[in-house]
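Novice:
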Amino acid sequence: VCGACGRDGPVAARCEACGARGAAYYCAHCRLFDDSLRPTFHCPYCDICRRGHGLGVDFHHCMRCNMCVDISQLDAHSCDGAGGIFASGY
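Taking the numbering used here, the leading residue of the sequence shown gets 290, the next gets one more, and so forth.
In structure tokens, the structure reads:
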């Protein structure tokens with residue numbers, strides 16, 4: 290249901306009836322609407338949305354342990370390749 294016009298419609302970034310935006314950020318894959326002031330991006334490897342500017346900007350996706358790591362913590366990141374188990378050194 291659109292918050293602006295009240296009409297039912299498909300889940301989308303904009304209402305197909307009135308064109309109103311559902312939120313500042315919308316992920317069609319996750320169907321996530323976000324109006325917070327914090328930046329959000331979708332990681333195609335984790336297959337979820339995360340808080341941050343994106344891969345290569347402030348996050349790196351470790352293919353060995355299959356999780357996103359904050360770039361500022363990348364030097365301390367170690368993993369055993371067990372799909373998400375890691376020790377960051379802190």
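Beta carbons: idealized from backbone N, C-alpha and C, even for Gly.
(1) Between the Cα of Gly328 and the Cα atoms of Asp336, Leu344, Cys335 and Ala301, which residue gives the shortest distance?
(2) With DSSP collapsed to three states, give me the class of Asp364.
(3) Cα separation between Phe259 and Cys338?
(4) By a C-beta neighbour count over all protein chains shown, 10 Å radius and 16 as the cutoff for buried, is Cys294 buried or exposed?
(5) Looking only at its chain, what residues have a beta carbon closer than 7 Å to the beta carbon of Cys351, apart from the 5 residues adjacent to it on each side?
(6) Could you tell me the distance, in whole angstroms, from the CA atom of Arg320 to the CA atom of Gly292?
(7) If contacts are defined as beta-carbon pairs under 8 Å, then Asp324 and Ala313 qualify, I think. What distance do you get, rounded to the angstrom?
Specialist: This is what the structure holds:
(1) The residue asked about is misnamed: residue 328 is Pro in this sequence, not Gly. That would be Leu344, whose Cα lies nearest to the Cα of Pro328.
(2) helix
(3) The shown model of the chain, from 290 to 379, leaves out residue 259, and the question about it has no answer.
(4) By the neighbour-count definition (other C-beta atoms within 10 Å, threshold 16), Cys294 is an exposed residue.
(5) Val358, His366 and Cys368
(6) 16 Å
(7) 5 Å
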